[in-house]
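Final position of the sequence shown in this note's numbering is 238; the numbers increase by one with none missing.
Beta carbons: idealized from backbone N, C-alpha and C, even for Gly.
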Amino acid sequence: MMRRMDARRTWAALNNAQWCDAVVRSHGVETDIDRDVWIARTRTPPYYPDAVTLAPNPAIPGLLRRIDASAGCSIKDSFATLDLAPFGFRVLFEAQWLTRRLDVQTAAGDERAWVRLHDASELAAWETAWSGGLGAQGLFRADLLARRAVAVLAAYEADRIVAGAVLNRSTQVVGVSNVFSRPGRKHAAWRGCIARASTLYPAMTLVGYESGDNLDIALDHGFETAGPLRVWIRD
């Protein structure tokens with residue numbers, strides 16, 4: 004069992020790095036990846052790390068030389084194994100990797116209100132809903148919609164987006180991120196998102212990470228934890 008969980012965490016970390024790569028490349032940022040780490044060569048857009056570790060113990064000095072390690076730099080420590088405090092970083096947050104097998108029988112009608120977005124105006128409305136009504140900030144670019152591996156999902160009620168999420172498929176797993184909903188609808192959002200993912204990617208494994216209330220809700224909907232991660236930031 005331990006080997007299986009470790010493999011799924013490794014797959015989840017790589018899948019998450021691929022999603023980060025898609026977002027930051029849509030902003031014109033050059034990236035690089037090897038067995039140990041994914042990195043962005045220049046500073047990334049808000050909410051996205053400058054590096055994601057893909058192995059437990061990459062060489063920290065070498066990693067920092069490859070990125071913009073000035074104030075504001077963030078590193079996703081996918082295995083919660085690094086000590087970046089001596090290098091001027093602090094832990095921004097901790098979370099748990101999650102995994103869940105998808106099954107078409109999960110759908111049971113809950114996926115019907117969830118659609119895959121295809122044009123820039125839909126994505127702008129989605130980002131406004133995701134940001135809590137603050138308006139589209141251009142973080143999620145229309146280039147993402149052209150990627151076959153990426154599915155931006157929205158749930159509608161009376162032509163209004165009330166929930167959403169992003170799925171990104173890699174070889175072994177499907178990542179889920181950016182799950183949001185109107186207040187008091189988180190359980191419904193997770194249920195609908197999982198159902199839609201099950202119809203799009205039947206029999207695959209869904210992965211992601213969460214903390215706090217969202218972690219508890221994901222566990223309520225059939226996810227299992229696969230190990231901790233940390234995000235570090237340099238002030």
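Reduced DSSP category for residue i - H, G, I as helix; E, B as strand; rest coil
| i | result |
| --- | --- |
| Thr-13 | helix |
| Asp-71 | coil |
| Thr-131 | helix |
| Arg-46 | coil |
| Arg-6 | Its pLDDT being 43, under 50, Arg-6 is placed unreliably by the model, and the measurement read from it follows with that caveat. Helix. |
| Thr-202 | helix |
| Pro-61 | coil |
| Gly-215 | helix |
| Arg-24 | The sequence shown places Asp at residue 24, rather than the Arg named in the question. Helix, per DSSP. |
| Arg-194 | helix |
| Ala-152 | coil |
Option in the options with minimal Cα separation from residue i
| i | options | result |
| --- | --- | --- |
| Met-207 | Arg-46, Asp-39, Val-179, Asp-122 | Val-179 |
| Glu-97 | Phe-226, Asn-217, Gly-225 | Asn-217 |
| Pro-64 | Ser-124, Asp-86, Ala-152 | Asp-86 |
| Ala-10 | Val-40, Ala-192, Ala-145, Trp-100 | Trp-100 |
| Gly-136 | Phe-226, Arg-163, Gly-187, Asn-60 | Arg-163 |
| Arg-46 | Ala-62, Val-26, Asn-60 | Val-26 |
| Pro-52 | Gly-195, Ser-81, Ala-62 | Ser-81 |
| Ala-192 | Trp-117, Glu-125, Ser-124 | Trp-117 |
Distance between residue j and residue i (C-alpha atoms, nearest Å)
| i | j | result |
| --- | --- | --- |
| Gly-75 | Arg-44 | 14 angstroms |
| Ala-161 | Trp-129 | 15 angstroms |
| Leu-105 | Tyr-204 | 7 angstroms |
| Tyr-50 | Arg-103 | 25 angstroms |
| Ala-15 | Arg-38 | 14 angstroms |
| Arg-172 | Ala-152 | 5 angstroms |
| Leu-95 | Ala-145 | 29 angstroms |
| Val-176 | Gly-91 | 34 angstroms |
| Asp-71 | Trp-41 | 13 angstroms |
| Arg-237 | Ala-154 | 32 angstroms |
| Asn-60 | Lys-79 | 13 angstroms |
| Ser-184 | Ala-221 | 14 angstroms |
| His-224 | Gly-195 | 11 angstroms |
| Tyr-212 | Pro-48 | 20 angstroms |
Heavy atom of the ligand SAM within 7 angstroms of residue i beta-carbon
| i | result |
| --- | --- |
| Ser-214 | No copy of the ligand SAM occurs in the structure displayed, which carries no ligand at all. |
Would you call the segment 192-203 and the segment 160-180 touching, i.e. three or more CB-CB distances under 8 angstroms? yes
Could you tell me whether the segment 32-41 touches the segment 224-232, using the rule of 3 or more Cβ pairs below 8 angstroms? no
Okay, do the segment 50-57 and the segment 16-24 touch, 3+ Cβ pairs below 8 angstroms being the bar? yes
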